[in-house]
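Notes follow the structure.
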């Protein structure tokens, strides 16, 4: 019975160390992520959000896109080391839907043109 307790203790210890090491690798990636809201006023039908989402997701560095037809916005989470705000607005414009930044970008992103 004592060996079983030692084995369980060792397994939990290994699991703890493994989880801690994963967090140390994930932290730098999360620091590069930025989320902005784009205003896309030219959406006129239910297929517009699908087209906009596809266009934004094609960009290397875009992590998540949520397009809302009612508010005519696209919320984009992206890696600011790989893609810029200018890239995002250019992608929507090239898809036929010009966009502008709805919320104020951070100073780091303004210079990333």
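Numbering (mature numbering (1 follows the signal peptide of the UniProt record, and there is no 0)), first residue to last: -26 to -1, 1 to 87.
Glycine residues also receive a C-beta, built at the ideal position from the N, C-alpha and C atoms.
Remember, it's a predicted structure, so these values are computed and weren't measured experimentally.
Reducing DSSP to helix, strand and coil, say where residue i ends up.
i: residue 37; result: strand
i: residue 1; result: Because the pLDDT of residue 1 is 46, which lies under 50, any placement of that residue in the model is unreliable, and the question is left without a value.
i: residue 7; result: strand
i: residue 65; result: helix
Taking the alpha-carbon of residue i as reference, which of the options has the nearest alpha-carbon?
i: residue 49; options: 66, 21 and 56; result: 66
i: residue 25; options: 56, 34 and 43; result: 43
i: residue 63; options: 37, 11 and 55; result: 11
i: residue 9; options: 73, 40, 45 and 19; result: 40
i: residue 13; options: 55, 53, 52 and 23; result: 23
i: residue 5; options: 61, 54 and 30; result: 54
i: residue 7; options: 52, 20, -24 and 30; result: 52
Only counting the same chain, and skipping five residues up and downstream in sequence, which positions put a Cβ closer than 6 Å to that of residue i?
i: residue 16; result: 71
Kindly list the residues whose CB is nearer than 8 Å to the CB of residue i, restricted to its own chain and excluding five residues on each side of it in sequence; keep chain order.
i: residue 57; result: 33, 34, 35 and 36
i: residue 75; result: 10, 11, 12, 13, 59 and 63
i: residue 162; result: Only positions -26 to 87 of the chain appear in the structure, and residue 162 is not among them; the question remains open.
Taking the beta carbon of residue i as the centre, do at least 16 other beta carbons fall within 10 Å, making it buried, or is it exposed?
i: residue 28; result: exposed
i: residue 47; result: buried
i: residue 103; result: The requested residue 103 does not occur in the structure, where the chain is confined to residues -26 to 87.
Spell out the partners DSSP gives residue i in its beta bridges.
i: residue 74; result: 13
i: residue 48; result: 12 and 41
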